[in-house]
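One structure below.
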Amino acid sequence: MVQIKDMKKSFDVEVLKGITLDVHQGDVLAVIGSSGSGKSTMLRCLIDLEKVDSGTVIIEGDPLVQDGVYVSQGEIQKLILKMGMVFQHFNLFPHLTVRQNLELAPKLVKQQDPKTIRENAQKYLSKVGMLSKADVFPASLSGGQKQRVAIARALMMNPDIMLFDEPTSALDPELTGEVLETIRQLAEENMTMIVVTHEMGFAREVANRVVFMDGGVILEEGTPDEVFGNPKCDRTREFLTTVL
Ligand code: ADP
Ligand code: MG
Numbered sequence: 001m002v003q004i005k006d007m008k009k010s011f012d013v014e015v016l017k018g019i020t021l022d023v024h025q026g027d028v029l030a031v032i033g034s035s036g037s038g039k040s041t042m043l044r045c046l047i048d049l050e051k052v053d054s055g056t057v058i059i060e061g062d063p064l065v066q067d068g069v070y071v072s073q074g075e076i077q078k079l080i081l082k083m084g085m086v087f088q089h090f091n092l093f094p095h096l097t098v099r100q101n102l103e104l105a106p107k108l109v110k111q112q113d114p115k116t117i118r119e120n121a122q123k124y125l126s127k128v129g130m131l132s133k134a135d136v137f138p139a140s141l142s143g144g145q146k147q148r149v150a151i152a153r154a155l156m157m158n159p160d161i162m163l164f165d166e167p168t169s170a171l172d173p174e175l176t177g178e179v180l181e182t183i184r185q186l187a188e189e190n191m192t193m194i195v196v197t198h199e200m201g202f203a204r205e206v207a208n209r210v211v212f213m214d215g216g217v218i219l220e221e222g223t224p225d226e227v228f229g230n231p232k233c234d235r236t237r238e239f240l241t242t243v244l
């Protein structure tokens, strides 16, 4: 579904130092690692919020960028529509109701007919347990509710791959459960996902693969049992003792 080869990205300093990673259909890939290790930048490069400096990204068989050379803007737009992203800080439009937040992109980008859009909004709001809040504004929602709306909004575009960037990090502890439960449901429905998370219990239980990033590289990769139960690198072990 996603092939990343030797992806590099610098701002002032190099923050991705050659990331190589394959994500397969149905994978739930948990990405863990300390703050500043490049996790968000990696996700942002996949949906063209950042441009890589070099390397290759292939989405469902089609290149987004090959050896540092990007495909046309039209191709890029097509490819990033295959992915939905959920951010730490929800990024809902405050001046739109919950339902309008869901309906905006399908209207503007996909130009779907209003009836289909309305039905999909009902379907996805009910899926995340937010149908009763369809007509309120985001400000009146709890953080957990906002994040569930953000997930429903991403699903409206019918993505093949969902990217989550620390979806529960901005939430009070008592609200993380409802969001993790929603993500777990998607995993059970075989959605392909990359989840950057500090929730080690969740990663261990829901992910089928875990990647540990450190200083812009993937230091370790394996099943949850391998990475959590028997880490190969000292650095991984050290990280896990600080977060577990
Ligand atoms: P993580 O998500 O693992 O915490 P990030 O990908 O956000 O890490 O950041 C990796 C490094 O890149 C950090 O040192 C961060 O300060 C830097 N960085 C991220 N985005 C930018 C940017 N737009 N401009 C400059 N530096 C950035
Ligand atoms: Mg981050």
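At position 52 of the sequence shown the residue is numbered 52 (UniProt numbering), and the sequence of numbers has no breaks.
Just so you know, even glycine gets a beta-carbon here, dropped at the ideal spot from N, CA and C.
All values reported here derive from a predicted model rather than from experimental measurement.
Own chain partners of residue 155 with C-beta closer than 6 angstroms, once the 5 adjacent residues on each side are dropped: 124
Residue list, Cβ distance to ligand 1 heavy atoms smaller than 5 angstroms: 11, 15, 35, 36, 37, 38, 39, 40 and 41
Closer than 7 angstroms: residue 220 CB and nearest ligand 2 heavy atom: no
Residue 79 beta carbon less than 8 angstroms from that of residue 53: no
Enclosing alpha helix (DSSP H) for residue 243 [first to last residue]: 234-243
Residue 121 to residue 202 span [Cα, whole Å]: 27 angstroms
3 or more residues per run - each beta strand (DSSP E) lying fully within the region 173-241: 192-196, 209-214 and 217-222
Meets three-Cβ-pair contact criterion under 8 angstroms: the region 126-146 and the region 103-112: no
Per DSSP, cross-strand counterpart(s) of residue 3: 22 and 58
Residues bridged to residue 100 (per DSSP): Partner(s): none; residue 100 has no beta bridge.
Proximity to residue 176 [Cα-Cα], best of 160, 153, 59 and 144: 144
For residue 66, three-class secondary structure by DSSP: strand
Among 181, 11, 72 and 15, nearest to residue 147 - alpha-carbon criterion: 181
contact_flag[the region 37-55, the region 213-220] where n(CB pairs < 8 angstroms) is 3 or more: yes
CA nearest to the CA of residue 47, picked from 66, 82, 74 and 18: 82
Three-way DSSP call (helix, strand, coil) for residue 17 in this model: strand
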